[in-house]
Amino acid sequence: MGWQIAFAVCCVCAAVAILLLLRARRAVEREHAEVIASCDFRQSMFETAVRQSGDGILILDAQGEFVLINDAAKQTLGVTTADLEMGHYDEAVTGFSEMLQREAILTAAAEGVGETQVSHGGGIFRLRFTELRRGGREMGAVCVISDITESFKAEDMQTDFVANVSHELKTPLTTVKSYAETLLAGGIDDAGMAREFLEIIDSEADRMGRLVRDLLLMSRLEDREHKWELAEGDVALLIKTVMKKLDGPARDKQLVVNRMFDEEAVVPVDMDRDRMEQVIHNILSNAIKYTNERGRIDVDLLPLDNCIQIVISDNGVGIPEKDQARVFERFFTVDKARSRSLGGTGLGLAISKQIIEGHGGTIGIESKAGKGTTVTVTLPKAWSRGRSGIL
Ligand SMILES: Nc1ncnc2c1ncn2[C@@H]1O[C@H](COP(=O)(O)OP(=O)(O)OP(=O)(O)O)[C@@H](O)[C@H]1O
Ligand SMILES: [Mg+2]
């Protein structure tokens, strides 16, 4: 009886041990499967990220064979899948940069070049090279190509902008300083001369004041948080007000300024009144400044289906064709000396464009050198009237 009980206990123990062993093995297998699954997952995450990256990415093994080249790289380099399949990659990429040939990538990465810039087809590209190593062994290289044309241009524009602002402030400051010195050196005793010099100092100070005011306004309008104070107003009345304000300068040059729209017209627009007045004032004062004596200026206002158009044309000096696209750039003037003598800094149309676009409209210019210029502003009609069919 004793040995039978002992045998039964041994059997039970053996069965339990086998069960425990089986369980442990299953746990190990499960863990193994999870590790494999997570590796696959990581691999597929990595591949998706590389494939979808906006930067061009090339991964090469130590022999210079492609492990991966994403679509962005193919597109940027102008390399087709056929080029890759037929082994024509190195020739295909030569026009872009010889630094992107496979051997050159491996060498650049091994030599720790880090990054460099190349220009191609009007664009600027940054190339970054990284060597792939495992356990001290060279495994290949990664090259990342980023298109940095826009940020390069923005940096350039910023540098130009600072240079322009400094120059525009330096000129009147130099004038103020030299006239003040002349006055201090004895000029003040000559009443006639003193008055003349003080008037110049006063007008140069005004000029600096205008410049600073324009710069502050531009930076406010550029702020993404800027809130437009839009309220329904009559743009016809606003144009008539500006025409009245500029009547003096127009008369001084014996210009004929024609209002082409009806005196009674009422054209409602959702607008920031002060800013809109500034736009119309700049366009009309440009027409006055750049039209010779006894010239003609027409001011028209056209209500169209969903928008209105303000059209101001003159038969003045016009703008050469090569300069027309640039007149909306900050500080651009066709003739620096002429504009400066007329008190301009070349910010008027740049600010006008910012304002009109802030109102959901457009501004364009057409001109013929020696014949005249037409500026057209298009604005959406006020919601409450024009677009609901009341006007
Ligand atoms: N009606 C026009 N006829 C001829 N040239 C024009 C006309 N309007 C603008 N321009 C040209 O475009 C340039 C830019 O105009 P913008 O209004 O930006 O500057 P500005 O009048 O010189 O100075 P600001 O407006 O800052 O006082 C002018 O300097 C001028 O050369
Ligand atoms: Mg102007």
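Residue numbers (the working numbering): -9 to 381. Positions of the beta carbon are idealized from the N, C-alpha and C atoms, including for glycine.
Can you tell me whether DSSP reads residue i as helix, strand or coil?
{"i": "Asn282", "result": "coil"}
{"i": "Phe56", "result": "strand"}
{"i": "Val232", "result": "helix"}
{"i": "Leu381", "result": "Confidence is the limiting factor: at Leu381 the pLDDT is only 47, short of 50, which leaves the residue's position unreliable and the question unanswerable from this model."}
{"i": "Ala372", "result": "coil"}
{"i": "Leu245", "result": "coil"}
{"i": "Leu10", "result": "helix"}
{"i": "Glu222", "result": "strand"}
{"i": "Thr363", "result": "strand"}
{"i": "Glu51", "result": "According to the sequence as given, residue 51 is Asp; it is not Glu. Here Asp51 sits in strand by DSSP."}
{"i": "Ala5", "result": "helix"}
{"i": "Thr97", "result": "helix"}
Do residue i and residue j have their C-beta atoms within less than 8 Å of each other?
{"i": "Leu369", "j": "Val259", "result": "yes"}
{"i": "Asp264", "j": "Leu220", "result": "no"}
{"i": "Gly308", "j": "Thr363", "result": "yes"}
{"i": "Ile47", "j": "Val57", "result": "no"}
{"i": "Leu117", "j": "Cys133", "result": "yes"}
{"i": "Thr281", "j": "Asp304", "result": "yes"}
{"i": "Asp137", "j": "Thr66", "result": "yes"}
{"i": "Ala100", "j": "Glu121", "result": "yes"}
{"i": "Ile287", "j": "Ile273", "result": "no"}
{"i": "Ile355", "j": "Leu211", "result": "no"}
{"i": "Gly54", "j": "Arg16", "result": "no"}
{"i": "Val232", "j": "Val367", "result": "no"}
{"i": "Met129", "j": "Ala52", "result": "yes"}
{"i": "Arg41", "j": "Asp61", "result": "yes"}
{"i": "Glu194", "j": "Thr165", "result": "yes"}
{"i": "Ile341", "j": "Met208", "result": "yes"}
{"i": "Val317", "j": "Leu339", "result": "yes"}
{"i": "Ile95", "j": "Ala63", "result": "no"}
{"i": "Glu267", "j": "Ala372", "result": "no"}
{"i": "Phe321", "j": "Gly336", "result": "yes"}
{"i": "Ile302", "j": "Val225", "result": "no"}
{"i": "Ile114", "j": "Phe142", "result": "yes"}
{"i": "Ile300", "j": "Ile191", "result": "no"}
Could you check where the alpha helix (DSSP H) with residue i kicks off and where it finishes?
{"i": "Arg241", "result": "237 to 242"}
{"i": "Leu339", "result": "338 to 348"}
{"i": "Thr71", "result": "71 to 75"}
{"i": "Asp61", "result": "61 to 67"}
{"i": "Asp80", "result": "79 to 84"}
Can you name the start and end residues of the beta strand (DSSP E) that residue i belongs to?
{"i": "Arg200", "result": "No beta strand (DSSP E) contains Arg200, which is instead part of the alpha helix (DSSP H) from 181 to 212."}
{"i": "Lys358", "result": "352 to 358"}
query = On the three-pair Cβ rule with 8 Å, is the stretch 180 to 190 touching the stretch 152 to 164?
reply = Taking a contact to require three or more Cβ pairs closer than 8 Å, the stretch 180 to 190 and the stretch 152 to 164 do not qualify as touching.
request  = Return the chain-ordered ranges of every alpha helix (DSSP H) run that is complete within the stretch 101 to 178 and spans a minimum of 4 residues.
outcome  = List check, alpha helix (DSSP H) in window: 139 to 174.
request  = Could I get the ranges of all uninterrupted beta strand (DSSP E) runs contained in the stretch 255 to 331, with 3 residues as the minimum, in chain order?
outcome  = Taking only runs of at least 3 residues, the beta strand (DSSP E) segments lying wholly in the stretch 255 to 331 are 258 to 261, 286 to 293, 297 to 304.
task = Mind the definition here: the stretch 288 to 296 touches the stretch 246 to 255 only if three or more C-beta pairs lie below 8 Å; say whether that holds.
result = Result yes; three or more Cβ-Cβ pairs closer than 8 Å.
inquiry  = Under 8 Å, with one C-beta from each stretch per pair, do the stretch 107 to 114 and the stretch 75 to 89 reach the 3-pair mark?
reply    = Proximity of the stretch 107 to 114 to the stretch 75 to 89 meets the contact definition, three or more beta-carbon pairs being nearer than 8 Å.
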